[in-house]
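K.L.:
Okay, handing you the structure first.
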Amino acid sequence: MSTLRPLKLLGIDYGEVHIGFAFKPEGTILALPHSIFDRKEGDREVLVEKVKEVVEELEIDMVIVGLPLTMQGKPDKMADRVVLFIHDLRKHISCKIDQEDERMTTRMAGKHAHDLAAAIILQTYVDTN
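Take any residue in the sequence shown, note its place counting from 1, add 1, and you have its number in our numbering.
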């Protein structure tokens, strides 16, 4: 059972084209879908700036990024891109950044519900930490 966390958290479902955001307000234990950012391949700087904007707008204390793993718990083909994305975020965002296993989130949320997938990732983090 999770304890009430007084932090504002941002969850991110990283995809090649669609990036889902979810938000957990301060003093709650419920993650809520926030928005979906559509990007073009290769514009990592634009994506980092978008995350930075959301972090500042919502006054986020911590960012949780979904890490794609196989059903066997090993990194999948997107994991290297996500790790690079996390590295980029750490260079440009001052709040703490962590990762959470995102196995099955797309199946649970639906193929195009990236904000809901981000909420599932974030809720899993909140429930287990």
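Think of the CB as a built atom: it goes at the ideal place given N, C-alpha and C, for glycine as much as any other residue.
Once you ignore the five residues that flank Leu8 on each side, which residues in its own chain have a CB closer than 8 Å to its CB?
P.N.:
So the list reads Lys25, Glu27, Asp62, Met63, once near-sequence residues are dropped.
K.L.:
Shortest alpha-carbon distance to Val55 belongs to which of Leu117, Ile122, Leu90?
P.N.:
Checked all of Leu117, Ile122, Leu90; the closest Cα to Val55 is Leu90.
K.L.:
So what's His35 in DSSP terms, helix, strand or just coil?
P.N.:
It is a strand residue.
K.L.:
Would you grab the beta carbon distance between Arg40 and Ile20 for me? Rounded to a whole angstrom, and I think it's under 8 Å.
P.N.:
Rounded, the Cβ-Cβ distance is 6 Å, consistent with contact.
K.L.:
Ordered along the chain, which non-local residues of its own chain (more than five positions away) have a Cβ less than 8 Å from that of Met2?
P.N.:
With a pLDDT of 40 at Met2, under the threshold of 50, the modelled position of that residue is not reliable, and the figure given next carries that caveat. Contacts found: none.
K.L.:
I need the boundaries of the alpha helix (DSSP H) containing Leu48, first residue and last residue.
P.N.:
Per DSSP, Leu48 belongs to the alpha helix (DSSP H) from 45-59.
K.L.:
So the alpha helix (DSSP H) Asp81 belongs to, where does it begin and stop?
P.N.:
Asp81 -> alpha helix (DSSP H) spans 80-93.
K.L.:
Distance check for Glu17 and Cys96, CA to CA, integer angstroms please.
P.N.:
C-alpha separation (whole angstroms): 24 Å.
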